[in-house]
Amino acid sequence: MKEKNKAKIKCLIFLILCFCIFSGISGAIRIKRERSIPAPLSQEQLDDIDISNASKLMIVAHPDDETIWGGVHLLDGGYLVVCITNGYNTERTDEFRRAVEQSGNTPLILSYPDKIFFMRDDWSDAKNGIESDISRIMSAKHWDFIVTHNPKGEYGHIHHKMTNALTVQAFNETQGADKLYFFGDYYKASDIEKAGVSVIPDEVMQKKLELCDIYSSQKRTMEKLSHMFPFENWKEYSK
Numbered sequence: 307m308k309e310k311n312k313a314k315i316k317c318l319i320f321l322i323l324c325f326c327i328f329s330g331i332s333g334a335i336r337i338k339r340e341r342s343i344p345a346p347l348s349q350e351q352l353d354d355i356d357i358s359n360a361s362k363l364m365i366v367a368h369p370d371d372e373t374i375w376g377g378v379h380l381l382d383g384g385y386l387v388v389c390i391t392n393g394y395n396t397e398r399t400d401e402f403r404r405a406v407e408q409s410g411n412t413p414l415i416l417s418y419p420d421k422i423f424f425m426r427d428d429w430s431d432a433k434n435g436i437e438s439d440i441s442r443i444m445s446a447k448h449w450d451f452i453v454t455h456n457p458k459g460e461y462g463h464i465h466h467k468m469t470n471a472l473t474v475q476a477f478n479e480t481q482g483a484d485k486l487y488f489f490g491d492y493y494k495a496s497d498i499e500k501a502g503v504s505v506i507p508d509e510v511m512q513k514k515l516e517l518c519d520i521y522s523s524q525k526r527t528m529e530k531l532s533h534m535f536p537f538e539n540w541k542e543y544s545k
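Residues 307 to 545 in the numbering used here are what the sequence shown lists, from first letter to last.
This is the structure we're talking about:
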């Protein structure tokens, strides 16, 4: 009987310890998430950015998305490229600015969370701020067109999907542009023939690859998605 009681006590102590550890970790994550939400973009901050030469607006979730899914288009110049996450990450911010500026465009990177303790943030605390910032940027001027992630999030990335939803919502509410486009469909490397034939000239493709090389911190991602580099078949949004 005493042995059974000892076993029960040990089990109870173990459960209490597990609960305390879980509560501590959950609390730490919660605090980290709350502290990672930046103040919404102010009109003064937006006014400090020279968008006089930007007539087109691109909105992406992460640094490198603009180059992977739209690098060839960016080479035309005239874009304000808005990145929602990683403004707090100096390395990725530097890479983003260099890639956007090298392609002849204007960068704006925000500081909403990407990952918290190595786990992808669900933006539940950031959604309102992101929505407000996108609407403010979209209303800054009348854009020729806006482009963002497609509804499937390309390969299913939740941040890409949410960026699409928030951009579509702001587009319909603000009427800040004549047209809205989505990045093209994603195909696995084994199904790449379904993407059709690339129409990107070799010399232009080389310039896109040079932009991709700027992202030295994202070599694995670039290699994983390199089969999609020759395809930027954007699609126009229709209600």
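Quick reminder that beta carbons are idealized off the backbone N, C-alpha and C, glycines included.
(message) Give the list of continuous alpha helix (DSSP H) stretches no shorter than 4 residues that lie fully inside the segment 458-540.
(response) The segment 458-540 contains these whole alpha helix (DSSP H) runs: 459-462, 464-480, 508-519, 525-531.
(message) What would DSSP say about LYS545, mapped onto helix, strand or coil?
(response) Against the sequence shown, residue 545 aligns to sequence position 239. If DSSP states are grouped into helix, strand and coil, LYS545 belongs with coil.
(message) Classify HIS368: buried if its beta carbon has 16 or more other beta carbons within 10 angstroms, exposed otherwise.
(response) Stepping through the sequence shown from its first residue, residue 368 is reached at position 62. Answer is buried; the Cβ neighbour count reaches 16.
(request) Entirely within the segment 333-388 and at least 4 residues each: give me those alpha helix (DSSP H) ranges in chain order. (result) 349-353, 371-380, all fully within the segment 333-388.
(request) Put SER445 into one of helix, strand or coil per three-state DSSP. (result) Residue 445 sits at position 139 when you count from the first residue of the sequence shown. Under the three-state reduction of DSSP output, SER445 falls in the coil class, being neither helix nor strand.
(request) Would you mind working out which of SER409, ILE357, PHE477, ALA495 sits nearest HIS533, comparing C-alpha positions? (result) For the purposes of this step, residue 533 is taken as the residue at position 227 of the sequence shown. Of the candidates SER409, ILE357, PHE477, ALA495, the one whose C-alpha sits nearest the C-alpha of HIS533 is ALA495.
(request) Could you pull out every residue in the same chain whose Cβ sits closer than 6 Å to the Cβ of ILE498, ignoring the five residues on either side in sequence? (result) Within the sequence shown, numbered from 1, the residue matching residue 498 stands at position 192. Closer than 6 Å at Cβ, skipping near neighbours: HIS533.
(message) Check whether the segment 484-491 and the segment 517-529 touch, using three or more Cβ-Cβ pairs below 8 Å as the test.
(response) The segment 484-491 vs the segment 517-529: no contact.
(request) Output the boundary residues of the alpha helix (DSSP H) element that contains PHE402. (result) Position 96 of the sequence shown, counted from the start, is the residue given in the question as residue 402. Counting along the chain, PHE402 sits inside the alpha helix (DSSP H) bounded by residues 396-408.
(request) Give me the Cα-Cα distance between GLN277 and VAL505, rounded to the nearest whole angstrom. (result) No answer is possible for residue 277: the residues shown for the chain start at 307 and end at 545.
(message) Does GLN481 pass the burial test, meaning 16 or more other C-beta atoms within 10 Å, or should it be called exposed?
(response) As a position in the sequence shown, residue 481 is number 175, starting the count at 1. Exposed, by the Cβ-count rule.
(request) Tell me whether the beta-carbon of VAL453 lies closer than 7 Å to the beta-carbon of MET364. (result) Walking along the sequence shown from the start, residue 453 turns up at place 147. Walking along the sequence shown from the start, residue 364 turns up at place 58. Yes, these two residues count as a Cβ contact at 7 Å.
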